[in-house]
Amino acid sequence: MITSLGPVQYLLLLQGLLWTLALSSVGFLCGGIGGFGIALARSSGLRWLESLASAFIEVFRGTPLLLQLFIVYYGVGLLNIDMSPWLAVAVALMLHASAFLGEIWRGSIQSVPLGQTEAATALGLHYADRMRYVVLPQAVKVSIPATIGFLVQLVKGTSLAAIVNFTELSRTGTLLSNLTYRPLMIYAIVGAIYFVVCWPLSWFGRAMERRFTPADRT
Amino acid sequence: MAFQFDFDAVLAYWPQLLWGCMLTLQLSLLAMPITLGIAILCVYVLQMRERVSTVVIGGFVEAIRNTPFLVQIFFLFFGLPTLGVRLDPNVAAILALGLNGAAYAIEILRGGVEAISRGQVEAGVALGLRSVQIFRYIIVKPALRAVYPAMTSQFIFLMLTSSIASSITASELTHVGAEIEAETFRSFEVYFTIAVLYLVMSFGLSRLFAIVGRLSFSYPTR
Chain D
33 MITSLGPVQY LLLLQGLLWT LALSSVGFLC GGIGGFGIAL ARSSGLRWLE
83 SLASAFIEVF RGTPLLLQLF IVYYGVGLLN IDMSPWLAVA VALMLHASAF
133 LGEIWRGSIQ SVPLGQTEAA TALGLHYADR MRYVVLPQAV KVSIPATIGF
183 LVQLVKGTSL AAIVNFTELS RTGTLLSNLT YRPLMIYAIV GAIYFVVCWP
233 LSWFGRAMER RFTPADRT
Chain P
30 MAFQFDFDAV LAYWPQLLWG CMLTLQLSLL AMPITLGIAI LCVYVLQMRE
80 RVSTVVIGGF VEAIRNTPFL VQIFFLFFGL PTLGVRLDPN VAAILALGLN
130 GAAYAIEILR GGVEAISRGQ VEAGVALGLR SVQIFRYIIV KPALRAVYPA
180 MTSQFIFLML TSSIASSITA SELTHVGAEI EAETFRSFEV YFTIAVLYLV
230 MSFGLSRLFA IVGRLSFSYP TR
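Sequence lines, in order, name chains D and P. FYI, in the numbering used here the residues of the first sequence are 33 to 250. FYI, in the numbering used here the residues of the second sequence are 30 to 251.
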């Protein structure tokens, strides 16, 4: 039987969107915490800690997100713990986000001139105070455009959860297209919904980039 | 009972795994020229500062950059047949990868072109070069040189993205992995091995691009 595209189907898509947003938020928030740790480790000045953090980053940047998802998804199954698929997907996205945000924020931390750190040290500030009052406030400003750019990547990345049968927006689209036999229409709508979420973010990121770029770039 | 890892069962399939790597590289290497070609063409059109084409290209770039690749490839592969355009999975994958990459490549290349000073172009005009020559030698080549690192990491990202083409059964490494998984039931080991292979390929490509870059852009700048 062929279902037509009515209010119920649109509600299902909206429900899918909620899962997409939930996955993105969890991935971004937990990944943000992990990424902060990675960024600090990567710019700590301790050789072994820096190589460890950079290996973590390289592994996640050098492999497809889809495979990261598969490995966590099937890896969790081996551990004999009862974990819902949604949690496995969230953990994979979190690890992925930690690596990428860690790399973005490392760059931002290192973009703060070394003289700032030296001056803070000369003033007798310890590592924690130096980071909190001197380096991080300046690094945060630099990091905003790239961080938002990655958030857009992450929202789009959650669509891969559909491949491990987690019903978020993309998989809702697939299910509906199988019911209605109107794949062109359905995927256009699904794409438009992602666009409505991502485009304002992209626009905001670019506006921030323009704002923080020195005016000498004519 | 503790789980026993069994990588031997997976590594026994090494000819298929190697073949999968070849297929992935083939898919990506076919998509890369499409990406670069569209990007250069679009940047050429943007140079003319014509209203309609600027809006069209801008719309294309925004539409691609703000929607997931999975939805794009589903749109091409499952959506287009309703309009009578039936694509082979591999063709759909190459097309989707090429178009997706192009949207990013346009932005990258445009950044490089904007950095070229007006005086260079004027010098070209003064020397009597034709506009195509100016575009090729004074605008595109130096711009490509300037954005080469960003462009190549985009290409490597394209190769990693091609794993998503397994969802429309295009022949590439992840799809080969799914077949091995179906025979061995060793999901974790299969995908772990494949992830390692992707890591090796992305390192390999980045080395290769570094060499190509050194060979193509080794002329002195001043």
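Glycine included, C-beta positions come from ideal geometry on N, C-alpha and C. Bear in mind the structure is a predicted one, so any value in this text is a computation, not a measurement.
Starting from residue i, find everything on chain P with Cβ-Cβ shorter than 8 Å and list it in chain order.
{"i": "residue 177(D)", "result": "Per Cβ cutoff of 8 Å: no residues; residue 177(D) is ~13 Å from chain P at best."}
{"i": "residue 231(D)", "result": "91, 95"}
{"i": "residue 226(D)", "result": "95, 96, 97, 100"}
{"i": "residue 56(D)", "result": "Those do not exist, as residue 56(D) stays about 11 Å from chain P at its closest Cβ, beyond 8 Å."}
Quick one: is residue i buried, meaning 16 or more other Cβ sit within 10 Å of its Cβ, or exposed?
{"i": "residue 226(D)", "result": "buried"}
{"i": "residue 43(P)", "result": "exposed"}
{"i": "residue 95(D)", "result": "buried"}
{"i": "residue 113(P)", "result": "exposed"}
{"i": "residue 99(D)", "result": "buried"}
{"i": "residue 223(P)", "result": "buried"}
{"i": "residue 189(P)", "result": "buried"}
{"i": "residue 41(D)", "result": "buried"}
{"i": "residue 244(D)", "result": "exposed"}
{"i": "residue 197(D)", "result": "exposed"}
{"i": "residue 212(P)", "result": "exposed"}
{"i": "residue 229(P)", "result": "exposed"}
{"i": "residue 71(D)", "result": "buried"}
{"i": "residue 204(D)", "result": "buried"}
{"i": "residue 132(D)", "result": "buried"}
{"i": "residue 158(D)", "result": "exposed"}
{"i": "residue 113(D)", "result": "exposed"}
Please decide whether residue i counts as near chain C, where near means a Cβ-Cβ distance under 8 Å.
{"i": "residue 145(P)", "result": "In the displayed structure, chain C is absent; the protein chains listed are D and P."}
Take residue i and list the residues in its own chain whose beta-carbon comes closer than 7 Å to its own, dropping the five residues that flank it on each side.
{"i": "residue 248(D)", "result": "Caution is warranted here: a pLDDT of 48 is assigned to residue 248(D), below 50, making its placement in the model unreliable, and no coordinate value can be reported."}
{"i": "residue 68(P)", "result": "131, 134, 135, 138"}
{"i": "residue 172(P)", "result": "138, 141, 142, 145"}
{"i": "residue 30(P)", "result": "Because residue 30(P) carries a pLDDT of 47, less than 50, the predicted location of this residue cannot be relied on, and the following value inherits that uncertainty. Contacts found: none."}
{"i": "residue 103(D)", "result": "none"}
{"i": "residue 177(P)", "result": "242, 246"}
{"i": "residue 155(P)", "result": "none"}
Strictly below 7 Å CB to CB, what residues from chain D border residue i?
{"i": "residue 112(P)", "result": "216"}
{"i": "residue 231(P)", "result": "94"}
{"i": "residue 223(P)", "result": "99"}
{"i": "residue 130(P)", "result": "In chain order: nothing, as chain D lies at least about 14 Å away."}
{"i": "residue 238(P)", "result": "Going along chain D, no residue has its Cβ under 7 Å from residue 238(P), so there is no contact; the nearest lies around 14 Å."}
Which residues in chain P have a C-beta closer than 7 Å to the C-beta of residue i? List them in chain order.
{"i": "residue 91(D)", "result": "228"}
{"i": "residue 194(D)", "result": "99"}
{"i": "residue 173(D)", "result": "The contacting residues do not exist; residue 173(D) stays about 21 Å from chain P at best."}
{"i": "residue 191(D)", "result": "97, 99, 100"}
Ordered along the chain, which non-local residues of its own chain (more than five positions away) have a Cβ less than 6 Å from that of residue i?
{"i": "residue 226(P)", "result": "50"}
{"i": "residue 250(D)", "result": "Because the pLDDT at residue 250(D) is just 41, under 50, the model does not fix this residue reliably, and the point stays unresolved."}
{"i": "residue 46(P)", "result": "none"}
{"i": "residue 127(P)", "result": "60, 63, 64"}
{"i": "residue 178(D)", "result": "136"}
Residues of chain P with a CB under 9 Å from the CB of residue i: which are they?
{"i": "residue 153(D)", "result": "Per Cβ cutoff of 9 Å: no residues; residue 153(D) is ~33 Å from chain P at best."}
{"i": "residue 184(D)", "result": "94, 95"}
{"i": "residue 234(D)", "result": "91, 94, 95"}
Using a cut-off of 8 Å between C-beta atoms, extract the partners of residue i located in chain D.
{"i": "residue 220(P)", "result": "99, 102, 103, 106"}
{"i": "residue 216(P)", "result": "102, 106, 109"}
{"i": "residue 203(P)", "result": "96, 98, 99"}
Against residue i, what residues of chain D qualify as contacts under a CB-to-CB distance less than 9 Å, listed in chain order?
{"i": "residue 121(P)", "result": "Within 9 Å Cβ-Cβ: nothing; residue 121(P) doesn't reach chain D, min ~13 Å."}
{"i": "residue 36(P)", "result": "The contacting residues do not exist; residue 36(P) stays about 13 Å from chain D at best."}
{"i": "residue 148(P)", "result": "Correct list: empty, because the minimum Cβ distance to chain D is about 13 Å."}
Can you list, in chain order, the residues of its chain with a C-beta nearer than 8 Å to that of residue i? Leave out the 5 residues immediately preceding and following it.
{"i": "residue 150(P)", "result": "163, 167, 168"}
{"i": "residue 149(D)", "result": "162, 166, 167"}
- Message: Closer than 8 Å is the cut-off here; do at least three beta carbon pairs connect the region 177-190 of chain P with the region 230-238 of chain P?
- Response: Yes, they touch.
- Message: Using a Cβ-Cβ cutoff of 9 Å, what residues of the region 198-224 of chain D are near chain P? List them in chain order.
- Response: Of all residues in the region 198-224 of chain D, only 201, 202, 205, 206, 209, 213, 214, 215, 216, 217, 218, 219, 220, 222, 223, 224 place a beta-carbon less than 9 Å from a beta-carbon of chain P.
- Segment contact, 8 Å Cβ cut-off, at least three pairs: the region 231-240 of chain D with the region 79-90 of chain P: When C-beta atoms of the region 231-240 of chain D are compared with those of the region 79-90 of chain P, fewer than three pairs fall below 8 Å, so the two segments do not count as touching.
- Relative to chain D, which residues along the region 188-199 of chain P have a C-beta separation below 9 Å, given in chain order? So the list reads 188, 189, 190, 191, 192, 193, 195, 196, given in the order they occur along the chain.
- Item | Touching by the beta-carbon criterion (3+ pairs, under 8 Å), the region 158-171 of chain D and the region 139-148 of chain D | With three or more CB-CB distances shorter than 8 Å, the region 158-171 of chain D counts as touching the region 139-148 of chain D.
- Message: With a threshold of 8 Å, are at least 3 pairs of Cβ atoms found where one atom belongs to the region 101-119 of chain D and the other to the region 210-219 of chain P?
- Response: By the Cβ criterion, the region 101-119 of chain D is in contact with the region 210-219 of chain P, since at least three pairs of Cβ atoms, one from each stretch, lie closer than 8 Å.
- Report yes or no: do three or more beta-carbon pairs, one from the region 52-60 of chain D and one from the region 117-126 of chain D, lie closer than 8 Å? The region 52-60 of chain D vs the region 117-126 of chain D: in contact.
- Query: Mind listing which residues of the region 104-135 of chain D have their C-beta closer than 7 Å to chain P's C-betas, in chain order?
  - Reply: Answer set for the region 104-135 of chain D: 106, 107, 110.
- Cβ contact check for the region 97-113 of chain P and the region 189-200 of chain P: 3 or more pairs under 8 Å: Judged by Cβ distances under 8 Å, the region 97-113 of chain P makes contact with the region 189-200 of chain P, as three or more pairs qualify.
- Query: Taking one C-beta from the region 208-223 of chain D and one from the region 35-48 of chain D each time, how about it: are there three or more such pairs within less than 8 Å?
  - Reply: Counting Cβ pairs under 8 Å, three or more are found: they touch.
- Touching by the beta-carbon criterion (3+ pairs, under 8 Å), the region 180-199 of chain D and the region 120-132 of chain D: The region 180-199 of chain D is in contact with the region 120-132 of chain D.
- Below 8 Å, can you find three or more Cβ-Cβ pairs linking the region 197-208 of chain P to the region 104-118 of chain P? Counting Cβ pairs under 8 Å, three or more are found: they touch.
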